[in-house]
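This report refers to the structure that appears directly beneath it.
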Amino acid sequence: MFCASAGKDVGVSSPQPEPLPESELLAAVQTELERSLLGGPRRYTVEQVAAMSGMDAPRVRRLWQALGFTVDPAPGARMFTDGDVGALRDIAAIVESGAIDHSLELSAARSLGQSVSRLAEWELTLFNSHMFARLVEAHADSSPAQMRGIIDDLVRGMSTRAESLQSYVWRRHIVANTERNIVRPQSGAVTHDVVVGFADMVGYTQLTRRIDANELDELLEYFESAVTAVISSHHGWVIKTVGDEVMFAADSPADAARIAIDLQEEFSASKNTPDLRVGMAWGPALARFGDLFGSVVNNAARLTGAARPGTILLDEKLAAELDPDEFRTQPLRRLRVKDFRRSRPYVLRTDQRSSRRR
Numbered sequence: 187m188f189c190a191s192a193g194k195d196v197g198v199s200s201p202q203p204e205p206l207p208e209s210e211l212l213a214a215v216q217t218e219l220e221r222s223l224l225g226g227p228r229r230y231t232v233e234q235v236a237a238m239s240g241m242d243a244p245r246v247r248r249l250w251q252a253l254g255f256t257v258d259p260a261p262g263a264r265m266f267t268d269g270d271v272g273a274l275r276d277i278a279a280i281v282e283s284g285a286i287d288h289s290l291e292l293s294a295a296r297s298l299g300q301s302v303s304r305l306a307e308w309e310l311t312l313f314n315s316h317m318f319a320r321l322v323e324a325h326a327d328s329s330p331a332q333m334r335g336i337i338d339d340l341v342r343g344m345s346t347r348a349e350s351l352q353s354y355v356w357r358r359h360i361v362a363n364t365e366r367n368i369v370r371p372q373s374g375a376v377t378h379d380v381v382v383g384f385a386d387m388v389g390y391t392q393l394t395r396r397i398d399a400n401e402l403d404e405l406l407e408y409f410e411s412a413v414t415a416v417i418s419s420h421h422g423w424v425i426k427t428v429g430d431e432v433m434f435a436a437d438s439p440a441d442a443a444r445i446a447i448d449l450q451e452e453f454s455a456s457k458n459t460p461d462l463r464v465g466m467a468w469g470p471a472l473a474r475f476g477d478l479f480g481s482v483v484n485n486a487a488r489l490t491g492a493a494r495p496g497t498i499l500l501d502e503k504l505a506a507e508l509d510p511d512e513f514r515t516q517p518l519r520r521l522r523v524k525d526f527r528r529s530r531p532y533v534l535r536t537d538q539r540s541s542r543r544r
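Residue numbers (our numbering): 187 to 544.
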């Protein structure tokens, strides 16, 4: 009830809307992100998508799971957006064009899904805290329409440049990969000689029990940044990193040796990082969807496991390829490794190795 005073209404001000609980706010954000990024809400079933994309339903399910997404087993579940339909149509069109053999479409989809999933997780780690803080701050004074506008602005600001950057980096990697001898036009599975190496941090498991999450994050950031910089500086490339270990490759035995030496020098110069051990082998490898396979990979992995902290072990073939005027190698006793032939490892030495500060 209001009373009059000096020609104005005086009364109780309109109550401000109560902020949503965090769980409800996250659900609202998820809904708006799907609308903004995926071309609308989830509205189609597997059977509807199959009819719209020119595929049968089992193929849609297999491809969707290969890309890394969940298929709801409930009959009639509506889980696909207009954007999803467009993506599946693109896959069908690429296969039908002959660019990818039909027998390889699941492998290609799986590799794409795994790579992009990691990229998306990395980007959200960078953007998520900032985005969520802005949404929480804006929510109390925003209507649903205003909230949609805020999310649209955030998505446009993040996605436009990110998509442009990702597209260019993809094109640049296409060019870089065609320069490598391991990547050649071929009609079937073909192997090519390449150096495969592994480098891992000694005592990593025990170390993780003594340091907190922030220190672990800093260590892994340093490890990944340092090994990537060293490997790329000598014309090698990173195959993958798994926690405390990196797998890399190089076409040239000399480049691989320089990579290993520089990795040891980089980590021996720091008193705050664990020692590395490095193992490398030379031989034929099968390149498949960004990974390498074959006995040369197994040999390199076993040499890494047998290496002492701060050392580099090579197989006989790689040691024989190195110029003795530049690289010093020393044979060791033969190793007996389970499920692997007897092999003579060599230690790669360098006079330039930095001493670790204690």
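We treat Cβ as the ideally placed atom computed from N, Cα and C, and that holds for glycine.
With H, G and I counted as helix, E and B as strand and the rest as coil, what does DSSP make of V235?
Three-state DSSP puts V235 in a helix.
Buried or exposed for V302, please, with buried defined as at least 16 other CB atoms from any protein chain shown within 10 angstroms of its CB.
The residue is exposed, with fewer than 16 neighbouring Cβ atoms inside 10 Å.
Measuring straight from C-alpha to C-alpha, what distance separates R530 and L351?
When rounded, the distance between both Cα atoms is 46 angstroms.
Could you pull the start and end residues of the beta strand (DSSP E) that G465 belongs to?
462-474 is the extent of the beta strand (DSSP E) around G465.
One question on the structure: do V232 and A273 come within less than 9 angstroms of each other, judged by their Cβ atoms?
No, the pair does not count as a contact, with Cβ atoms beyond the cut-off.
Considering only the alpha carbon of each residue, which of A385, R396, D403, G269 lies closest to V463?
The sequence shown places Arg at residue 463, not Val. Looking at the Cα atoms, A385 is the closest of the given residues.
Pair every Cβ in the segment 380-395 with every Cβ in the segment 454-469, then say whether three or more of these pairs are closer than 8 angstroms.
Contact holds: three or more Cβ-Cβ distances are below 8 angstroms.
Can you tell me whether F255 is helix, strand or coil according to DSSP?
Reduced to three states, the DSSP call for F255 is coil.
Spatial neighbours of A415 within its chain, please: CB distance less than 8 angstroms, with the 5 preceding and 5 following residues excluded, ordered by chain position.
Contacts found: none.
Tell me whether the beta-carbon of A492 lies closer than 9 angstroms to the beta-carbon of G465.
It is a contact, given that the beta carbons lie within the stated cut-off.
Do L489 and D501 have their C-beta atoms within less than 9 angstroms of each other?
Contact flag set, yes.
Is A436 helix, strand or coil by DSSP?
A436 falls in the strand class under three-state DSSP.
Is F453 closer than 9 angstroms to L383 when the C-beta atoms are compared?
One point to set straight first is that residue 383 is Gly, not Leu, in the sequence displayed. In this structure, F453 does not lie closer than 9 angstroms to G383 by Cβ.
Answer yes or no: do A252 and G299 have a C-beta to C-beta separation smaller than 9 angstroms?
Yes, they are a contact pair.
Among the residues of its own chain, which have a CB less than 6 angstroms from the CB of A295, if the five just before and after it don't count?
Within the same chain, A295 has close Cβ partners L249, A252, L253.
Sort R275, F475, L508 by Cα distance to W468 and report the nearest one.
For the residues R275, F475, L508, the minimum Cα distance to W468 belongs to L508.
Taking DSSP's pairing of strands, which residues face W356 in a bridge?
Bridge partners of W356: none, in fact.
With DSSP as the reference, label G383 as helix, strand or coil.
Reduced to three states, the DSSP call for G383 is strand.
Can you name, in chain order, every residue of its own chain whose Cβ lies under 8 angstroms from the Cβ of A446, other than the five neighbours on each side?
Correct list, in chain order: G383, A385, V464, M466, I498, L534.
Between the C-alpha atoms of L405 and S353, what's the straight-line distance to the nearest angstrom?
Taking the straight line from one Cα to the other gives about 30 angstroms.
Going straight from the alpha carbon of W423 to that of A436, what length do you get?
About 7 angstroms.
Can you tell me whether T267 is buried or exposed, with buried defined as 16 or more other CB within 10 angstroms of its CB?
That one is buried.
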